[in-house]
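Numbered per numbering that gives the first Met the number 0, the sequence shown spans residues 0 to 879.
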Amino acid sequence: MENIERLGFFYLGKPYDLKTGQTTERPVMYDARDLTTHAVCVGMTGSGKTGLCIDLLEEAAIDRVPAIAIDLKGDITNLLLTFPDLRPADFRAWINLDDARRRNQTEDEFAAATAQTWRDGLAAWGQTPERIRLLRDSAQFLIYTPGSDAGLPVSILHSLEAPHVDWEQQTEEVREQISGTVSALLGLVRGSTDPVRSREHILLSTVFEHFWRQGQNLDLAMLIAAIQNPPVRTLGVADVDTFFPQKDRFNLAMAFNGLMAAPSFQMWLTGQPLDVDQLLYSPDGKPRHSIFYLAHLNDTERMFFVTLLLGQILTWTRTQPGTTSLRALVYMDEIFGYFPPVAEPPSKRPLLTLLKQARAYGVGIVLATQNPVDLDYKGLSNAGTWFVGKLQAQRDKDRLLDGLEGALAGNDDGFDRAWLDKTISALSNRVFLLHNVHEGRPQIFQTRWALSYLRGPLTRPQVRTLMAATKAQLANGQAPAGSAADSPSTPAPAPTNSSTTAEPWWAAAAPTRSTTTPHLSAPAVRLPTAAPRPAVNLTRAALSNAPVLPAEVALTYLPIRAGQGSALRRLTQVAGFRLQADAIDLIYTPAVLGLGAVHFVDVKRGVDQARDLALLLHVRDGDRFLQWHEAEPVNAAQASLLNRPEPDALFADVPPLVSTARALKSLESSFADHLYRSQSFNLWYNPSLKLYSKAGERQRDFSIRCQQAAREARDAEVDVLAQKYNAQIARQQTKLYKQQRDLIENETEATALNREKWVTIGETMVGALLGSRRTRVISTTMTKQRLTDQARLDVVEGRQTMDSLRQQISDLQAQSQRAAEAITSRWSAMLDDVREVKVMPRKTDVAVRLVALAWLPVWEITYTDLAGQMRSERVEAWRG
C-alpha cells in the first residue's frame, strides 16, 4: 500500500467494489485543500458517519490543522480516547458494560477483546500504534462544556465584547454579528424573534451598535441598564418611548435580570472566553481541537450557544489573511434544525455566511447529519465535497438526490441521477460515496479504522473524568498539558499613561495629611517595594516643608495612585490583627525621573517602531554617583506628572548629588547614552521561510504564522511538482492508450492471418488430392506462416511495450510521491528554524524628553501594634 503519511493529504480509507464487496490496497488520499470548499456528510445511524468524520478530524490533527467541533450528541469526544499502547487496562474504564454482558464476558475479558480488536483493526488498515502516538503529539484535544463545569466551562461574556474592526469598512459584517448575538440572547428569554419586525431585536441591536461603535464592551448588567434607559432617544423616526414604551422595556429588562439571577445561569458567565484564536492554538502555538460538548443542553440553550460560537468564528475568520491552503476546520455533527430550507433560526445566517465566505480565508466547514430531509440544499451548494452513506428511508434518498441535483448543477461531469440512485441503494455500513468537485467521477470507498476508540457518546461524568487533569492544571495557573507559557517576541515597553488631562481623576481626589483612624481588619507589615533601590526610611526629624532649590533644577511630582484606604489594606494584608491607624502623613521622597523615546528603524526587517520609556533612579544619602542601569522602569508619562505637591505634605531632604542643575544635566547625558546602549527591538526570525515577526507579535502567533506560511509554500511546491509529473505521466498514458489500440489491431490481424494460414493449408491438401501444382501451393503456405509469425511477434512486442509503459507510469507516480514527501519533510523541518534577532537604535534615534528631580508620594502610617508599641510603616502612594 502507498505511504499514508503524506502531509496535506488525509487517509480516509480504501476504494470499495460494490459487486465483490472487497477493497483494494490503494488508499483513498483526500487533498486537504479541497476542504476549503467545505464538505457535507450524510448517513443514517449505524452507517459509519461518525467514524468517517472522526477519521477526518484525526487526519487534520496529524496534519497540524486546528479544528473547532460542535458536538451535539457527545460522539466527537471519542477523539480523546486514544491509547498508543493498546493495553486492555486503557480500554477498561471506557467500555460499555452492557456490551460485555450481552457477550457473556467479564469486564476484563471484554476490555482485552476490545484492545485486541483495535490492534487487529489498525493493522488491517496499514496503521500502527505509533500512528496513535503521532496523533496525540500533533495536536491538543480539549472538551468544553458550556453551562456546565464537567469539562472546561465557557464564558459567553467575550461574545459581548466590541470587535476590533474598522466600522467604516466592515459595518455590514459587524451588524451581522450583532444580529446573530441579539437573536441568540432573545432566544433565551423570548423565543425566536424577527430581526426586522421585533421591537426587542431592534432595540438591542441599536444598543449593541451604540456601545460597540465607541469600542466599549458590554456585559449583561450594562445591557439591562441600557434596555431601561436606552443610550439613544429615537428608533427610526419614532421616539424610544413611543416605539417601545418604558413599561414594556422594563418587562424585557426583568426577563434578562431573571436570567442573570438564576443560579444555573452563573456557569455561563465563568470559564474560558469564546476566543477563537485561543480555541485553535495553545499558548505555545500547538494546534488545538476544541470540542464543544452540548449533549447536556436543551434545544433553546443549544441554539443560543451555537449561534454565539458561529458568530465568533465568523468574526475571527474575517480577520485572517487570504489563503488557498487549509488553515482551520469547523465541524458540526448534526445540523438538523440549524440549517433548514425555509425557517430562519439564529444559527442559519452565520453558518450560511461561513459557507459563502470562509473559503477565501482557508477555513473549511464540515457538516454532518442523519436527517437529509430538512436541509437547505441551496445553501449547501457551496459545499464541494459530499460523503453519502447508507440511508434508512426512500424519502431520505429521494430528497438527497433532489438536493444534490441542485447543489451540483453546472458540474462539468454532469449529474447521473440513475447511477447515484443505484449506487446509494447498494451502500453498506462504513461504505460511502465520495463526490468531490475537484476530482473526476465519484468513487466508492470504505472508511479506515479509527485511531480513537469509538466508544459512543460520552456522559457528563465521563467528560469530567477526561478533563480532570487539564482543569487541575488550569486551577494551578498552568497551561493545559502540551502547551507552554506564552512569551512575547518583543520585551514589553514600560507602560505609559495616555491621559492628556493636567489633573488626573486620582490626583483631584488625592487625600491629604490626616489624623483619622480608619478601622480595618487585616495584617500590618512593611511591604517590599518593587524598586531595586528603595527609598530610605527617614526619621521624623528629617522631614520639613518643601525645600528651596535653585530655579534651574527641573522639578516634577508623581501623582498619588494608591489612596489612604488602599495603603491601609496593603499594610493589613499580612498583620493578622485589626489595625487601627493613629495618624497618616503624606511624605515626598526624592528620586530622578528620566523620560525618553527610542525609535527603531530597519527597512529590511520591516521595523518602524517607537518606544516610550520612563526610568526612576532612587537616591539615598551617601551615594557618590548614580547609574541608569540600576533604574526602575515605571508607569509614568509627561501627561500624568504634576507641577505642584499635595497640600500639607512633608518633604525629605534632597541629597547634594541631585540638588543642582549641573548634576541633572550630567544625568541627562548619561540617560541618553544608557538608552542607546541598553535598548533593542527583539524580533523572531525564521531564515528558512524568510519571515520576521511583526511589532508586538508574540512568539506563539509568529509560530502559527510560520505554520501557515510553510503549509502554503508546501502546497504551492507540491502543485508545481504535480504539474511536472502529471505531464510526464499523461504522455506515457497517451503512449499506453495508443499501444493498446495497436495491440488490439495486431491481435485481430494475427487471428485473421492464422485463420488464413489454416485455410491455405486446407487448400493445399485438397489441391494435392486433385493434382494441383505443388510448388506454388507450398510457397503460398510459407508466406502465410511467415505473416502469422510476424503478427504474433508484434503482439508479444506490443504487450511487452505496454508492460514497460505501465512500469514507467508506476515509477513516475512513485517518484512523484517520494518527491512530495521530501518537500513536506523539508518544509516541516523549517518550522523549527526560529531564532531571535535584535534591531539596535542609532544615536540619532534616541530622544530625551525629561530628566528631573521627581518627588515620590509615600504614606507614613502610624499605629499601635499588639504589644502596645507605637510603630510607623511606609507605603508608596505613587505605585498603583
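No residue lacks a Cβ here, since even glycine has one placed at the ideal position from N, Cα and C.
Task: Endpoints, alpha helix (DSSP H) assigned at Arg-676 - done: Following the DSSP letters along the chain, one finds Arg-676 inside the alpha helix (DSSP H) bounded by residues 660 to 677.
Task: Residues that Ile-860 bridges to, as DSSP identifies them - done: Answer is Ile-583, Glu-872.
TODO: Determine the closest residue to Ala-367 out of Arg-873, Cys-40, Ala-821, with distance taken between C-alpha atoms.
DONE: When only C-alpha atoms are compared, the closest one is Cys-40.
- [ ] Starting from the C-beta of Glu-716, find all residues in its chain whose C-beta is less than 6 Å away, skip the five residues before and the five after it, and write them out in chain order.
- [x] If the five residues before and after Glu-716 are omitted, its C-beta is found closer than 6 Å to the C-beta atoms of Ile-822, all from its own chain and listed in chain order.
Open item on the list: Which residues does DSSP list as the beta-bridge partners of Trp-683?
Closed with: In the DSSP output, where bridge partners are listed per residue, Trp-683 has Glu-835.
- [ ] Look at the alpha carbon of Gly-378 and the alpha carbon of Thr-384, and state the distance between them as a whole number of angstroms.
- [x] Their Cα atoms are separated by approximately 14 Å.
Open item on the list: Taking the alpha carbon of Glu-343 as the reference point, which residue from Lys-734, Ile-131, Asp-373, Leu-804 has its own alpha carbon closest?
Closed with: Comparing Cα-Cα distances from Glu-343 to each of Lys-734, Ile-131, Asp-373, Leu-804, the minimum goes to Asp-373.
Task: Buried or exposed by the 16-neighbour rule on C-beta atoms within 10 Å, applied to Ile-226 - done: Burial call: buried.
- [ ] Return helix, strand or coil for Ser-197, following the three-state DSSP convention.
- [x] In the structure shown, Ser-197 sits in coil (DSSP, three-state: anything other than H, G, I, E or B).
TODO: Please report the residue range of the beta strand (DSSP E) in which Arg-287 lies.
DONE: Following the DSSP letters along the chain, one finds Arg-287 inside the beta strand (DSSP E) bounded by residues 287 to 292.
TODO: Starting from Tyr-330, follow its DSSP beta bridges and name the residues at the other end.
DONE: Tyr-330 has Ala-68, Val-365 as its beta-bridge partners, per DSSP.
Open item on the list: Nearest by alpha-carbon distance to Arg-878: which of Ile-559, Leu-202, Val-657 is it?
Closed with: Ranked by how close their Cα comes to the Cα of Arg-878, the residues Ile-559, Leu-202, Val-657 have Ile-559 in first place.
TODO: Confirm, please, whether the CB-CB distance from Pro-589 to Val-657 is below 8 Å.
DONE: In this structure, Pro-589 lies closer than 8 Å to Val-657 by Cβ.
- [ ] Assuming Leu-649 and Ser-543 form a contact by the criterion Cβ under 8 Å, report the distance between their Cβ atoms to the nearest whole angstrom.
- [x] Going by Cβ atoms, the distance from Leu-649 to Ser-543 rounds to 7 Å, so yes, they are a contact pair.
Task: Where Tyr-330 falls, given that 16 or more other Cβ within 10 Å makes a residue buried - done: Looking at its Cβ environment, which holds 16 or more other Cβ atoms inside 10 Å, Tyr-330 is buried.
Task: Distance between Val-552 and Pro-626 (C-alpha atoms, nearest Å) - done: Per the sequence shown, residue 626 should be read as Gln rather than Pro. Rounded to whole angstroms, Gln-626 and Val-552 show a C-alpha spacing of 19 Å.
TODO: Check the C-beta distance from Ala-38 over to Val-305 and give it rounded, since I have them as a contact under 8 Å.
DONE: Distance from Ala-38 to Val-305 at the Cβ level is roughly 19 Å; contact not present, criterion being Cβ atoms closer than 8 Å.
- [ ] Locate the alpha helix (DSSP H) running through Gly-179, then write down its first and last residues.
- [x] Where Gly-179 is concerned, the enclosing alpha helix (DSSP H) starts and stops at 166 to 188.
Task: Proximity to Arg-873 [Cα-Cα], best of Val-188, Ala-149, Ala-630, Thr-571 - done: Residue Thr-571 is the option with its Cα nearest to Arg-873.
Task: alpha helix (DSSP H) segment containing Gln-319, residue limits - done: Taken as a continuous stretch (DSSP letters only), Gln-319 belongs to no alpha helix (DSSP H), as it is neither H nor E.
Task: Residues near Asp-70 by beta carbon distance below 7 Å, same chain, minus five either side - done: Contacts found: Thr-76, Ile-290, Phe-291, Tyr-292, Leu-293, Asp-332.
- [ ] Starting from the Cα of Pro-654, find the closest Cα among Gln-678, Gly-621, Ile-131 and give me that residue.
- [x] Out of Gln-678, Gly-621, Ile-131, Gly-621 has the C-alpha closest to the C-alpha of Pro-654.
Open item on the list: Mapping the DSSP letters down to three states, classify Val-462 as helix, strand or coil.
Closed with: DSSP places Val-462 in helix when its eight states are reduced to three.
- [ ] Can you check DSSP and say which residues form a bridge with Cys-40?
- [x] Paired residues: Ala-367, Phe-386.
- [ ] Check whether the Cβ atoms of Glu-746 and Val-795 lie closer than 8 Å to each other.
- [x] Not a contact, by the Cβ cut-off of 8 Å.
- [ ] May I ask you to report which of helix, strand or coil DSSP gives His-434?
- [x] Strand, per DSSP.
Open item on the list: Quick check on Ser-827: does DSSP put it in helix, strand or coil?
Closed with: Helix at Ser-827.
Task: C-alpha distance - Ser-827 paired with Ala-31, whole-angstrom precision - done: Approximately 16 Å, taken between the alpha carbons.
Open item on the list: Three Cβ pairs or more, each shorter than 8 Å: is that satisfied between the stretch 831 to 847 and the stretch 675 to 682?
Closed with: The stretch 831 to 847, when compared against the stretch 675 to 682, does touch it at the 8 Å Cβ threshold.
Open item on the list: Assuming Asp-107 is part of the beta strand (DSSP E), what are its boundary residues?
Closed with: First-last for Asp-107: 106 to 123, but that is the alpha helix (DSSP H), not the beta strand (DSSP E).
Open item on the list: Contact defined as beta carbons within less than 8 Å: I believe Leu-121 pairs with Trp-448. What is the distance between those atoms, to the nearest angstrom?
Closed with: With a Cβ gap of about 5 Å, Leu-121 and Trp-448 count as contacting.
Task: Best match in Leu-557, Thr-205, Pro-286 for proximity to Leu-592 [C-alpha to C-alpha] - done: The option with the nearest alpha carbon to Leu-592 is Leu-557.
Open item on the list: When you compare the CB positions of Ala-609 and His-617, do they come within less than 8 Å of one another, or not?
Closed with: For the pair Ala-609 and His-617, the CB atoms are not nearer than the 8 Å cut-off.
Open item on the list: One question on the structure: do Thr-800 and Gln-738 come within less than 8 Å of each other, judged by their Cβ atoms?
Closed with: In terms of Cβ geometry, Thr-800 and Gln-738 form a close pair [threshold 8 Å].
- [ ] Provide the residue(s) that pair with Leu-615 in DSSP beta bridges, ordered along the chain.
- [x] Partner(s): Leu-592, Glu-631.
- [ ] Give the range of the alpha helix (DSSP H) segment to which Pro-87 is assigned.
- [x] Taken as a continuous stretch (DSSP letters only), the alpha helix (DSSP H) holding Pro-87 covers 87 to 91.
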